[in-house]
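S.K.: Counting from 1 along the first sequence, just add 2 to a position and that's the residue number in our numbering.
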Amino acid sequence: MKEYLISVFKELETQIPELKETQLIFEIPKSELHGDLSTNIAMQLAKKLRKNPREVANDILSKIKFDDNLISKVEIAGAGFINFFFNPNYLTYIIPKILDKKDNFGKSEKYSGKKANVEFVSANPTGPLTVGHGRNAVIGDTIANLLEWVGYKVDREYYFNNAGRQMRVLGDSVRLRYLELLGEKVDFPEDYYQGDYIKDIAQKLFNEYSDKLKNESAEGIFKEVAEKEIFDDIKKTLSSLNINHKIFYNEKSLYDEGNISDLLKVFEQKNLSYHKDGAIWLKLTSLGQEQDKVIVKSTGEPTYRLPDIAYHITKFNRGYDLIVDLFGSDHAATYPDVLAALRALDYDTEKVKVLIHQFVTIIKDGEIVKMSTRKANYITLDELIDEVGKDVVRYFFNMRNISSHMNFDLTLAKKQSDENPVFYLQYAHARICSIIRTVENENLKPSIENLDLLKTEEEKDLLKKLNRFEEEVLMAAENFEAHRICFYLEDLAAAFHKFYTFRRILGSEKNIAEARLALIIAVKTVLKNGLTILGVSAPEKM
RNA sequence: GCGCCUGUAGCUCAAUUGGAUAGAGCAUCUGACUUCGGAUCAGACGGUUUGGGGUUCGAGUCCCUACAGGCGCACCA
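1. Check this for me: beta carbons of Ile364 and Phe329, under 8 Å apart or not?
2. Fully enclosed by the segment 395 to 439, which beta strand (DSSP E) runs are 3 residues long or longer?
3. For Ala79, which beta-bridge partners are listed by DSSP?
4. Leaving aside the five residues before and after Lys22 along the sequence, list all residues of the same chain whose C-beta is less than 6 Å from its C-beta, in chain order.
5. Pop quiz: Ser500 and Glu460 are said to be a contact at Cβ under 8 Å. What is the actual Cβ separation, rounded to whole angstroms?
6. Can you list, in chain order, the stretches of the beta strand (DSSP E) that have 3 or more residues and sit fully within the segment 181 to 252?
7. Assuming the contact rule is C-beta atoms closer than 8 Å, Lys466 and Leu101 should be a hit. Round their C-beta distance to whole Å, please.
8. Do three or more CB pairs link the segment 220 to 234 to the segment 255 to 268 at distances below 8 Å?
9. Should the segment 328 to 343 be called in touch with the segment 278 to 298, which here means at least 3 C-beta pairs below 8 Å?
10. Taking the straight line between their C-alpha atoms, what separation do you get for Pro338 and Glu451?
11. Is the segment 33 to 42 touching the segment 83 to 93 in the sense that three or more CB pairs, one from each, lie closer than 8 Å?
12. Can you list, in chain order, the residues of its chain whose CB lies under 8 Å from that of Leu181, leaving out five sequence neighbours each side?
13. Please report the distance separating the alpha-carbon of Asp439 from that of Tyr349.
14. Compare the C-alpha of Thr301 against each of Gln293, Lys285, Ala281 and Thr316 and name the closest.
15. Among Asn91, Met401, Pro55 and Val394, which one has its Cα closest to the Cα of Leu412?
16. How would you write the range of the beta strand (DSSP E) that Gly330 sits in, first residue to last?
17. Could you round the C-beta distance between Leu149 and Val156 to whole angstroms and report it? I think they count as a contact, below 8 Å.
18. Can you tell me whether Ile145 is helix, strand or coil according to DSSP?
19. Is there contact here, the segment 468 to 481 with the segment 394 to 409, by at least three beta-carbon pairs under 8 Å?
20. Quick one: measure Cβ to Cβ for Ala540 and Leu529, integer angstroms, because I've assumed they're closer than 8 Å.
21. In whole angstroms, what separates the C-alpha of Val390 from that of Gly153?
22. Go to Thr503, then tell me how far its alpha helix (DSSP H) extends in each direction, as first and last residue.
23. Measuring alpha carbon to alpha carbon, tell me which of Val171, Leu536 and Ala165 ends up nearest Glu192.
24. Take Ala335 as the anchor and find which of Val356, Leu414, Asn106 and Val441 has the nearest alpha-carbon.
25. Do Tyr380 and Thr24 have their C-beta atoms closer together than 8 Å?
26. Using three-state DSSP, classify Val362 as helix, strand or coil.
27. Would you mind giving the Cβ-Cβ distance between Leu453 and Ile97, rounded to the nearest angstrom? I have them listed as a contact below 8 Å.
28. List the residues that DSSP assigns as beta-bridge partners of Glu277.
29. Grab me the residues of Lys392's own chain with a C-beta within less than 7 Å of its C-beta, minus the 5 sequence neighbours each way, in chain order.
30. Assess, as a yes-or-no matter, whether the segment 107 to 117 is touched by the segment 202 to 222 under the definition of 3 or more beta carbon pairs within less than 8 Å.
31. What separation, rounded to the nearest whole angstrom, lies between the Cα atoms of Val441 and Tyr429?
32. Taking the CB atoms as reference points, tell me whether Leu464 and Val525 lie closer together than 8 Å.
33. Grouping DSSP H, G and I as helix and E and B as strand, with all else coil, what is Thr458?
34. In the DSSP assignment, what are the bridge partners of Tyr161?
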């Protein structure tokens, strides 16, 4: 429909040349009184033509003839909006379309043929995933889903580093706990990993090797076993949320394959780096950044920046059209340097979309829980999933704009069952399934023969909402905003529940009953597809 | 001190990217089923969009400023 209106206005360009320079926008008005689509084009033109907006609108309409089969009414309203009212029959076209496409309804081909990489979680294996990682994990996976729905071929990627200082400390933490088990008195440093999982790993090593590891170094078996155990747990946690990364990219391979040394040479050749105080610095100030930063320490060890840049270069070289980086606000300061460097090396950083999500504040028994991996004062993602379930976790993290500093009230979440919107959606789906089961016994079949009988307010409202789904998916994907899907689905479910309260299938005249049956099957399909994007199940019974 | 994010109803959050009368859920109050799932529906209450300036036909949204909170500001990642 939008396409139709755009084409009509395009034809008008010959008569009103200024139209070419204005952005033609059609939007769905907030209020139904303002029609099904609306444009502010007259107001935009008014400025250029130095005329009254309503006059311009009148002028435009006098020059256009609309197809009566599509548009039933056009009006000028407010300061100069032009509102379009669809022919009601047009709305019902969506039902056969949904019934035909089923699980694929809502998908589009707009970006088909394009490849995207979504990097998310990317926590180093130093401890179990926390609730904070959970937000990252869920958002990342859902964005990947959304991109797939609009045609991208998506790789989900996890970047990690098992070489640096963090991992050395991890290994040594395990070693010290192990020595404790041997009865040695050790002084366990405060800035080491305090969590019980370290003791568990030490215990495991003790069970297997007894005291044979007494003289092993932290970097050897202690680190290796710790990394493996913890990474296995991380993968298990993610998989319990149905999150499975295709690629685990180890920073170490960047050294092994020479990417790091190559990059250093390039910086040198392009005169983008210099030596000072025994370290190598990147000339970020010449790239518009605040200050130069060290890329190789005086010890000869690179800082994280260098591999970060090399890593992103591999993403370009791997041929992605879209590169999504998702991380928490604690890392927000690092990416501008990386992007500046990439730009200086002539990579098209328009392809890189950096998404920053704000932190989750955990509230338990009315108090804020301060979290720290090091101090082992945190709530793990596993605990959260155990307490509220996978669907609630996924829905909850998806339902808010990523820039919101969201609160997670754990006490409420635990007792939450009828208060949580995810149940509201699932209930609507299960209810429709139940109706279908019941109605089938009455020898009714969904029919699209008499959809024009769907003309009550409740039915029209549902039809309008069904008509919006494809665009919602596209908007959510293009803006990387999964929460729009949540709000849309809640809206749709509410419209269904209202329909259910006032309009019946059983007991209605057969043609109406069968048209309504087709309608609710369409609603069920859209609910399920929306929940699928979010990674939430759509149960047939609850 | 500097940078990024945030501030909207009692609480948790939206607002079609600058549009029309700022909307939902929860909480509170009042109502609604002898038949398809009451985990539901209808209604009421609730706002100086943190304060103050500015930009324009039009501002929750953009600019300036003050205040409050979160996150950063390494030769850690």
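Idealized CB from N, CA, C, for every residue including glycine.
No experiment lies behind these values; they were computed from the predicted model shown.
M.R.: Checking against the coordinates, here is how it stands:
1. For the purposes of this step, residue 364 is taken as the residue at position 362 of the first sequence. For the purposes of this step, residue 329 is taken as the residue at position 327 of the first sequence. No, the pair does not count as a contact, with Cβ atoms beyond the cut-off.
2. For the segment 395 to 439, whole beta strand (DSSP E) runs of length 3 or above, ordered along the chain, are 409 to 411.
3. For the purposes of this step, residue 79 is identified with residue 77 of the first sequence, where counting begins at 1. Beta-bridge pairing links Ala79 to Phe83.
4. Locating residue 22 in the first sequence gives position 20, counting from the first residue. Here the set comprises Glu15.
5. Indexing the first sequence from 1 puts residue 500 at position 498. Indexing the first sequence from 1 puts residue 460 at position 458. For clarity, residue 500 is Lys in the given sequence; the question names Ser instead. Confirmed, Cβ separation roughly 6 Å.
6. 249 to 252
7. Taking the first sequence and counting its residues from 1, one reaches residue 466 at position 464. Taking the first sequence and counting its residues from 1, one reaches residue 101 at position 99. With 8 Å as the limit, Lys466 and Leu101 do not qualify as a contact, their Cβ atoms being about 18 Å apart.
8. Touching, no.
9. yes
10. Numbered from 1 along the first sequence, position 336 holds the residue referred to as residue 338. Numbered from 1 along the first sequence, position 449 holds the residue referred to as residue 451. Cα to Cα, the separation comes out at about 58 Å.
11. yes
12. The residue given as residue 181 occupies position 179 in the first sequence. Apart from the 5 residues on each side of it in sequence, Leu181 sits with its Cβ closer than 8 Å to the Cβ of Val188 and Lys216 in its chain, given in chain order.
13. For the purposes of this step, residue 439 is taken as the residue at position 437 of the first sequence. For the purposes of this step, residue 349 is taken as the residue at position 347 of the first sequence. Here residue 439 is Arg; the residue named in the question, Asp, does not match the sequence. Roughly 57 Å separates the two Cα atoms.
14. Taking the first residue of the first sequence as 1, we reach residue 301 at position 299. The option with the nearest alpha carbon to Thr301 is Ala281.
15. Numbered from 1 along the first sequence, position 410 holds the residue referred to as residue 412. Per the Cα distances, Val394.
16. Working through the first sequence from its first residue, we reach residue 330 at position 328. Start and end: Leu324 to Gly330.
17. As a working note, residue 149 is residue 147 in the first sequence. As a working note, residue 156 is residue 154 in the first sequence. About 5 Å separates the beta carbon of Leu149 from that of Val156, a gap short enough to meet the 8 Å contact definition.
18. For the purposes of this step, residue 145 is taken as the residue at position 143 of the first sequence. Three-state result, Ile145: helix.
19. no
20. Along the first sequence, read from residue 1 onward, the residue named residue 540 stands at position 538. Along the first sequence, read from residue 1 onward, the residue named residue 529 stands at position 527. Contact flag correct, Cβ pair sits at about 6 Å.
21. Translated into the one-based positions of the first sequence, residue 390 becomes position 388. Translated into the one-based positions of the first sequence, residue 153 becomes position 151. Roughly 33 Å between the two C-alpha positions.
22. For the purposes of this step, residue 503 is taken as residue 501 along the first sequence, with counting starting at 1. Element bounds for Thr503: His485 to Phe504.
23. Taking the first residue of the first sequence as 1, we reach residue 192 at position 190. Looking at the Cα atoms, Val171 is the closest of the given residues.
24. As a position in the first sequence, residue 335 is number 333, starting the count at 1. For the residues Val356, Leu414, Asn106 and Val441, the minimum Cα distance to Ala335 belongs to Val356.
25. To locate residue 380, count along the first sequence from 1; it is residue 378. To locate residue 24, count along the first sequence from 1; it is residue 22. No, Cβ-Cβ distance for Tyr380 and Thr24 is not below 8 Å.
26. Here residue 362 is taken as the residue at index 360 of the first sequence, counted from 1. In this structure, Val362 counts as coil in the three-state DSSP scheme.
27. Counting from 1 along the first sequence, the entry for residue 453 is found at position 451. Counting from 1 along the first sequence, the entry for residue 97 is found at position 95. Yes, they are in contact, since the Cβ atoms of Leu453 and Ile97 sit about 6 Å apart, within 8 Å.
28. For the purposes of this step, residue 277 is taken as the residue at position 275 of the first sequence. Per the sequence shown, the amino acid found at residue 277 is His instead of Glu. DSSP, once it has assigned bridges, lists Ile282 as partnering His277.
29. Your numbering for residue 392 matches position 390 in the first sequence. Once the five neighbours on either side are set aside, the close Cβ partners of Lys392 are Ser242 and Leu243.
30. no
31. As a position in the first sequence, residue 441 is number 439, starting the count at 1. As a position in the first sequence, residue 429 is number 427, starting the count at 1. In a straight line, the C-alpha of Val441 is about 18 Å away from that of Tyr429.
32. In the first sequence, residue 464 corresponds to position 462, counting from 1. In the first sequence, residue 525 corresponds to position 523, counting from 1. Yes, Cβ-Cβ distance for Leu464 and Val525 is below 8 Å.
33. Position 456 of the first sequence holds residue 458. Coil.
34. Here residue 161 refers to the residue found at position 159 when the first sequence is read from its first residue. Beta-bridge pairing links Tyr161 to Tyr251.
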